[in-house]
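Participant: My structure is below; once you've seen it, I'll send some questions.
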Amino acid sequence: MNDKVLSLLGLAAKSKNLVSGGFMTEKTVKAGKAFLVIISREASDNTKKMFTNMCRFYKVPLYFYGTAEQLGHSIGKEYRVSIALTDEGLAKNLIGKLECKES
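Reminder that position 73 of the sequence shown reads as 444 in the working numbering, one-by-one numbering, no gaps.
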């Protein structure tokens, strides 16, 4: 795996600093425990809209990155459309990497 974003997601998963899946991501954001949300680029329009509105309301950074297969594989699962990071330091590090990818 040569992608630093996906590698960091794997590290976060091993250290139990992330949750994945729509329900758990939503629950974590609403509980105020999410510092970053990543949604797969291939997520449905409804999913993208729901998380965009939710993250805007709760002031949680949101990025669209990779495929569901890539996100899932990086954290040792099959497919994951949504991931929330629960560690502020890891989230800031990942945001830096995601900002570099966008430019």
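Idealized CB from N, CA, C, for every residue including glycine.
By Cβ distance below 7 Å, which residues in the same chain neighbour Ser411 in space, the five residues on each side in sequence not counted?
Facilitator: Counting from 1 along the sequence shown, the entry for residue 411 is found at position 40. Excluding sequence neighbours, Ser411 sits near Gly437, Thr438, Ala439, Leu442, Val452.
Participant: Can the beta-carbon of Phe422 be found less than 8 Å from the beta-carbon of Leu407?
Facilitator: The residue you call residue 422 lines up with position 51 of the sequence shown. The residue you call residue 407 lines up with position 36 of the sequence shown. No, these two residues do not count as a Cβ contact at 8 Å.
Participant: Secondary structure at Tyr434, three-state DSSP: helix, strand or coil?
Facilitator: Residue mapping note: residue 434 aligns to position 63 of the sequence shown, counting from 1. Correct three-state label for Tyr434: strand.
Participant: Going by DSSP in three states, Ile466 sits in which element: helix, strand or coil?
Facilitator: As a first step, residue 466 is located in the sequence shown; it is residue number 95 there, counting from the start. Three-state DSSP puts Ile466 in a helix.
Participant: For Ile466, which residues in the same chain have their Cβ closer than 8 Å to its Cβ, ignoring the five residues on either side in sequence?
Facilitator: By 1-based counting over the sequence shown, the position of residue 466 is 95. So the list reads Leu407, Pro432, Tyr434, once near-sequence residues are dropped.
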